[in-house]
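Student:
Residue numbers (the UniProt record's numbering): 1 to 97.
Next up, the structure:
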């Protein structure tokens with residue numbers, strides 16, 4: 001777990017919103033835009049109201065930090081939170097910070 005990458009990824013309001021949306025996708029996204037693999041990237045982009053390149057950059061940063069996982073299904077990429085990473089982050093904060 002690279003603490004610096006994680007805290008950089010968490011230091012942006014939109015990236016935090018994305019993580020909130022992915023925590024409860026059933027609240028924020030229609031059923032046809034989510035599945036067991038996560039939420040379709042296009043729907044994340046639409047909800048964020050940002051360009052495709054900006055959302056891709058944000059998702060790449062979150063993935064690099066280990067906070068989300070990506071699964072490719074045909075031409076679509078789906079994203080979901082890596083709950084194990086959040087549990088480890090919680091333990092890190094409790095024990096070291």
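All C-beta atoms in this analysis are idealised placements derived from N, C-alpha and C, irrespective of residue type, glycine included. In this text the structure is predicted, and so the values were computed from the model without any measurement.
For residue 74, does the three-state DSSP call read helix, strand or coil?
Tutor: Residue 74 falls in the coil class under three-state DSSP.
Student: When the Cα of residue 69 is compared with those of 45, 26, 39 and 17, which residue comes out closest?
Tutor: Selected option, being the one with the closest Cα: 39.
Student: How would you call residue 43, buried or exposed, if buried means at least 16 neighbouring beta carbons within 10 angstroms?
Tutor: When all chains shown are included, residue 43 counts as buried.
Student: Determine the direct distance from the alpha carbon of residue 80 to that of residue 16, and round the result to whole angstroms.
Tutor: Taking the straight line from one Cα to the other gives about 13 Å.
Student: Relative to the alpha-carbon of residue 36, which residue among 82, 61, 93 and 91 has its alpha-carbon at the smallest distance?
Tutor: With distances taken between Cα atoms, residue 36 lies closest to 82.
Student: Using 8 Å for Cβ pairs, my map puts residue 59 next to residue 41. What's the rounded Cβ distance?
Tutor: The Cβ separation is near 7 Å, so the contact holds.
Student: Could you tell me if residue 9 is buried or exposed, where buried requires 16 or more neighbouring beta carbons within 10 angstroms of its beta carbon?
Tutor: Buried is the call here.
Student: Count the other CB atoms within 10 Å of the CB of residue 87; is the residue buried (16 or more) or exposed (fewer)?
Tutor: Burial call: exposed.
Student: With C-beta atoms as the reference, is residue 65 less than 8 Å away from residue 5?
Tutor: Yes, they are a contact pair.
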